[in-house]
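Residue numbers (the numbering used here), protein chains in the order written: chain A, 66 to 719; chain B, 66 to 719.
Below: the structure, in structure tokens.
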């Protein structure tokens with residue numbers, strides 16, 4: 066099939082509608098070198114090209130052929146949402162197609178565009194005449210539909226299909242997949258609605274996801290009824306239609322909720338949709354709820370890595386300040402959902418703190434989910450693996466895995482990495498806002514005039530970001546807004562030949578705002594201080610009492626056993642009175658900056674058979690003797706890439 | 066049906082066979098007043114009598130009628146092991162029948178003996194001609210058997226039936242239920258065995274339990290093949306017959322295991338059986354494995370309360386020193402299984418430390434499982450409920466519940482309480498060993514001569530135990546061995562008119578041994594020091610770093626929110642430099658001794674939206690200001706008997 070790309074402007078996962086009440090509009094930051102470029106190259110050259118083969122092996126593509134009647138056999142996979150692995154891969158591949166496609170260069174894998182066409186054809190072939198599409202229910206359940214909205218994931222699957230279709234349309238201008246998605250959405254719109262609406266079912270899906278997808282479909286097509294349907298779904302959670310469980314977001318309506326609760330990914334997708342709705346409709350109550358819940362989440366339920374979800378058994382948020390290390394769930398998908406939601410909040414409000422959480426999440430809780438070679442994955446992202454850990458294997462293993470029985474995370478990582486340039490900058494009529502620093506070109510729009518700023522940086526390894534104005538209206542002042550990260554204690558900025566420090570270029574609510582008229586070639590150099598630092602938690606975070614974490618810039622660090630021969634990690638302590646040292650290690654883990662700290666290995670008393678002792682039996686707080694040990698901390702995102710062993714982020718202080 | 070009690074000697078849950086290689090033999094300690102008598106009165110007057118009504122409401126008895134063909138309808142209950150709720154109740158009621166039966170006195174409930182007869186008839190009626198009995202498979206699975214040993218619980222159910230039958234036979238001398246159990250055991254013996262044994266199935270149950278029951282059946286009947294079948298089962302775990310999962314005890318053979326792992330109750334029942342086998346057969350390798358695993362468990366995987374199991378999702382042990390507070394699983398059944406196993410270890414080895422763990426578990430992790438009124442239960446027993454806790458309800462709620470969907474714990478509590486007098490003392494040819502202190506009569510057997518010692522004590526509220534010899538051979542010296550609890554720092558003992566302190570009456574491996582000839586009326590008074598104490602954990606227990614727990618005697622204490630008005634618990638700290646005070650409170654929680662400590666309420670910094678801070682932003686360790694607060698600690702077993710709210714065992718020190 067010839068590739069008939071109509072070359073629309075590259076547009077990302079969030080495109081605001083014409084009436085959106087957002088403070089900012091998304092801009093694009095073409096990434097062409099540096100930290101994220103390397104990660105995206107691996108995504109483009111390894112992860113995405115390997116997708117179709119893995120989807121074939123796991124049976125996902127076979128299921129589509131079964132539904133189309135072009136193959137025979139049993140439906141494969143353990144869950145009713147296996148189709149979404151295909152959709153998320155299609156979305157990832159579509160964002161990839163919108164760029165240079167390195168996978169096309171390689172001889173071993175079929176060119177990406179042809180693979181996308183092939184798989185879209187499989188999807189289209191599986192769709193039923195009335196628009197319904199779910200291979201699990203079509204094949205295993207004899208076509209029975211919507212009988213088990215709590216667990217069936219039919220609308221969840223529709224949501225990922227719609228997102229893939231919107232991505233494909235935005236990336237290629239082509240309609241094949243969008244037509245499939247619209248048929249499904251039209252079908253849903255004929256089935257779901259309030260009592261009295263003429264629709265037969267008043268219900269929501271146990272896993273929110275279709276809501277934010279429907280808003281994007283509205284944005285892509287201009288069809289208002291998709292937005293209305295999204296609004297109906299969002300407001301029907303919390304009314305007991307799913308049995309009233311927090312797990313399914315059904316315990317309390319979002320508008321009344323005091324904090325985030327239940328299954329983390331479900332909560333976050335629902336909040337992304339609520340933010341989309343507030344953005345498109347100006348619903349102040351929804352906006353207020355989203356702001357309140359974001360505050361409650363980040364202040365009391367977020368791990369240092371940006372990871373979310375404290376419990377394994379229901380993949381859910383815990384109580385406030387319940388942030389375990391070894392049992393941190395921090396599902397990779399929850400990190401992705403958090404970025405998606407925070408980005409919507411950043412656009413809606415214009416506030417910099419959302420970019421702070423996005424940065425923290427991207428560099429830590431998200432990026433740890435994929436191996437450096439792009440071939441192995443983590444579903445859960447603990448902050449500690451104990452000495453003597455017995456790994457249970459399976460999806461929730463603390464060891465990287467080639468693919469999962471529930472393979473939601475890998476293609477989700479692929480789609481975020483492939484579309485990453487759309488989460489980094491924004492613009493409004495007054496100027497360009499840079500939320501995240503990369504090497505590339507930030508392209509904003511002042512309403513009537515484009516602005517283009519070229520950026521060069523070795524961030525996060527070095528703190529200097531060199532910005533050069535390439536396109537600007539020559540007669541109109543505008544503001545270049547630079548997010549000064551929340552972790553940053555010292556910065557300075559050079560504008561032309563003049564240097565400002567933080568006294569004469571102060572930050573306002575996270576933004577350093579440089580106003581004025583600009584000419585091509587104008588240069589700004591931002592220097593963010595990257596001294597490594599020790600971090601402590603709110604005293605109510607019981608899990609890390611008496612501990613510190615090492616951080617540098619946006620990176621959270623951890624110790625791995627492999628760097629500390631001669632013992633485990635759980636008897637090490639850090640000496641916080643000694644300075645931290647930085648070592649650039651181009652040889653290590655694809656090139657990282659390590660942080661070296663002084664510590665020692667505690668001599669632990671022989672506890673006999675009982676590990677608890679009266680304080681009178683162990684009086685005072687005599688310093689623990691022990692062999693001095695040099696502690697080598699690596700960035701958390703790079704852990705579990707060498708050998709199995711223990712790991713820890715939070716270190717007891719001596 | 067007339068009650069034809071043949072009045073055998075009261076015999077408990079563990080009766081050793083004639084060839085047993087145990088260091089000690091179980092003795093009986095008739096409890097007639099004091100702490101445990103009160104708890105057992107509630108068990109006898111409330112919990113056990115309410116059992117049949119609850120089993121009727123939940124459908125368990127209906128299921129038996131269905132299987133017998135004497136009722137119509139659907140099988141009730143969510144699990145294939147619902148029959149065991151009936152069996153465990155029958156076991157509890159049988160141990161109760163062996164004693165004074167206060168329930169017979171009340172007018173509202175049917176006399177217990179008649180209830181037992183009625184329910185045994187239901188069980189017998191449901192049994193199939195070849196001995197098989199499981200209502201789930203007989204009714205729901207169309208009689209299909211042993212197709213899903215991993216999840217089916219058919220042998221697990223058989224085990225509880227056998228234990229109930231042995232209890233009924235020992236308590237009443239009657240055969241009705243024992244005949245049912247023997248038919249089932251004979252059936253199992255015809256079905257399960259090694260390849261080549263002529264039995265059709267080489268397999269084990271996903272939930273160990275039948276093994277220890279079969280050993281008891283051997284002990285009760287003298288039939289060696291039941292012991293052999295138990296040995297076959299124990300040794301077939303760990304060979305992949307169940308898929309090789311640690312959860313089902315199938316990852317590694319017990320003889321090779323380095324530590325406890327997997328589902329806690331499964332592990333503990335299996336270890337109880339292994340200990341039984343080592344006891345009856347002299348298998349040194351099994352004994353060694355049991356000793357090794359007990360050591361590993363207590364030293365690294367036991368909560369301060371004796372609770373076991375660190376994870377909710379698989380009800381399993383965690384890694385070494387992974388002992389969370391708010392997510393401590395500590396299933397009530399695991400505490401019971403731990404007592405059962407440790408008692409077997411105590412008899413096998415003669416060592417006192419097993420009694421130490423039994424005491425700790427009984428007074429804390431076990432007893433917390435039932436409310437003071439005997440009507441509500443905890444399945445999980447956390448060591449912390451956070452301020453702002455959102456309770457999910459269900460079986461794993463931190464709120465007491467009337468009955469569970471999986472109602473394994475309540476009748477398990479009933480059977481341990483009803484048979485408790487059999488876990489407290491032992492004897493051998495050289496004397497009587499008192500493992501636990503109660504008011505009552507310890508009746509031992511020196512081989513040829515009985516010894517009876519009367520005990521009076523207000524333990525654990527007061528430390529004095531007055532012991533009077535009532536029966537003794539007059540010409541033969543023997544040793545009265547008293548376990549000096551591992552927590553005890555000071556004790557003294559008066560023998561006749563002479564007082565000894567710990568210098569002149571030293572403890573040898575936990576035992577204070579008083580040798581000599583005795584005459585009726587001879588008196589010994591043991592005084593155990595009960596000064597309240599602060600306890601710390603091994604530094605590797607990350608969950609409680611910088612915290613202390615309050616203990617007094619065998620009791621672990623906790624704070625409850627209801628005693629600390631004006632705020633939550635998570636911002637309180639304890640001042641460990643100030644003395645602890647003891648207050649006896651006969652009005653509170655059925656009469657408890659509280660411990661009062663000095664503390665204060667921390668003034669926490671406003672964390673804004675992010676709960677982590679650089680140490681440079683919060684330099685030094687300036688003392689936290691805050692309002693002084695008197696901390697009132699209650700015994701952990703009594704928590705959750707007043708109102709919902711937060712609770713904590715481990716308290717941050719100021």
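Glycine included, C-beta positions come from ideal geometry on N, C-alpha and C.
When the Cα atoms are used, what is the spatial distance from residue i to residue j?
i              : j              : result
residue 454(B) : residue 186(B) : 46 Å
residue 509(B) : residue 125(B) : 39 Å
residue 291(B) : residue 253(B) : 10 Å
residue 167(B) : residue 97(B)  : Its pLDDT being 44, under 50, residue 167(B) is placed unreliably by the model, and the measurement read from it follows with that caveat. Taking the straight line joining both Cα atoms gives about 12 Å.
residue 559(A) : residue 590(A) : 5 Å
residue 174(B) : residue 440(B) : With a pLDDT of 47 at residue 174(B), under the threshold of 50, the modelled position of that residue is not reliable, and the figure given next carries that caveat. Roughly 15 Å between the two C-alpha positions.
residue 495(B) : residue 538(B) : 12 Å
residue 411(B) : residue 577(B) : 16 Å
residue 263(B) : residue 223(B) : 21 Å
residue 568(A) : residue 557(A) : 9 Å
residue 382(B) : residue 443(B) : 19 Å
residue 579(B) : residue 545(B) : 5 Å
residue 422(A) : residue 469(B) : 41 Å
residue 675(B) : residue 376(A) : 20 Å
residue 256(B) : residue 267(B) : 8 Å
Would residue i and residue j qualify as a contact pair, given that the criterion is a beta-carbon distance under 8 Å?
i              : j              : result
residue 323(B) : residue 299(B) : no
residue 81(A)  : residue 344(A) : yes
residue 721(A) : residue 181(A) : As shown, chain A starts at 66 and ends at 719. That puts residue 721(A) outside it, with no answer to give.
residue 380(B) : residue 574(B) : no
residue 615(A) : residue 599(A) : yes
residue 420(A) : residue 500(A) : yes
residue 269(B) : residue 247(B) : no
residue 249(B) : residue 177(B) : no
Check the DSSP bridge columns for residue i and list the partner residues they point to.
i              : result
residue 648(A) : 659(A)
residue 21(B)  : Chain B is shown from 66 up to 719; residue 21(B) falls before or after that span and cannot be answered.
residue 94(A)  : 507(A)
residue 615(A) : 599(A)
residue 362(B) : Per DSSP, none; premise fails for residue 362(B).
Under the criterion of a Cβ to heavy atom distance below 7 Å, does residue i qualify as lining the ligand PLP?
i              : result
residue 672(B) : What this structure holds is no ligand at all, so the ligand PLP is not there to describe.
Which whole-angstrom value describes the C-beta separation of residue i and residue j, a residue pair presumed to lie in contact below a C-beta threshold of 8 Å?
i              : j              : result
residue 497(B) : residue 406(B) : Wrong, their Cβ atoms sit about 23 Å apart, outside the cutoff.
residue 522(A) : residue 530(A) : 4 Å
Practice item. Residues of the region 602–627 of chain A with a CB closer than 9 Å to any CB of chain B: list them in chain order, please. Key: Answer in chain order: 602, 603, 604, 605, 606, 607, 608, 609, 610, 611, 612, 613, 614 and 616.
Practice item. Using a Cβ-Cβ cut-off of less than 7 Å, list which residues of the region 353–365 of chain A approach chain B; keep chain order. Key: Closer than 7 Å at the C-beta level to chain B, one finds these residues of the region 353–365 of chain A: 360, 363, 364 and 365.
Practice item. Scan the region 245–260 of chain B for residues whose Cβ lies nearer than 9 Å to a Cβ of chain A and list them as they occur along the chain. Key: Answer set for the region 245–260 of chain B: empty.
Exercise for review: Could you run through the region 563–580 of chain A and flag, in chain order, every residue whose CB is less than 8 Å away from some CB of chain B?
Suggested key: none
Review point. Which of the residues in the region 306–321 of chain B, read from start to end, lie with their CB under 9 Å from any CB of chain A?
Key: 310, 311, 312 and 316
Review point. Quick one, which residues of the region 646–678 of chain B are near chain A if we go by CB-CB under 9 Å, in chain order?
Key: 667, 669, 670, 672, 673, 674, 675, 676, 677 and 678
Point to revise | Interface residues of the region 542–553 of chain B facing chain A [CB-CB below 7 Å] | key: 551
Review point. Which of the residues in the region 454–473 of chain A, read from start to end, lie with their CB under 7 Å from any CB of chain B?
Key: 454, 455 and 457
**Study point:** Contact list for the region 377–398 of chain B against chain A, Cβ threshold 8 Å
**Key:** 377, 378, 379, 383, 384, 385, 386, 387, 389, 390, 391 and 392
Point to revise | chain B contacts made by the region 325–356 of chain A, where a contact means CB separation under 7 Å | key: 326
Check your understanding: What residues in the region 689–707 of chain A have a beta carbon less than 7 Å from any beta carbon of chain B?
Key -> none
Practice item. Below 7 Å between beta carbons is the criterion; list the residues of the region 407–423 of chain B that meet it against any residue of chain A, in chain order. Key: 418
Practice item. With 7 Å as the limit, tell me which residues of the region 90–122 of chain A have their beta carbon closer than that to any beta carbon of chain B; keep them in chain order. Key: Residues of the region 90–122 of chain A that bring their beta carbon within less than 7 Å of a beta carbon in chain B are absent altogether.
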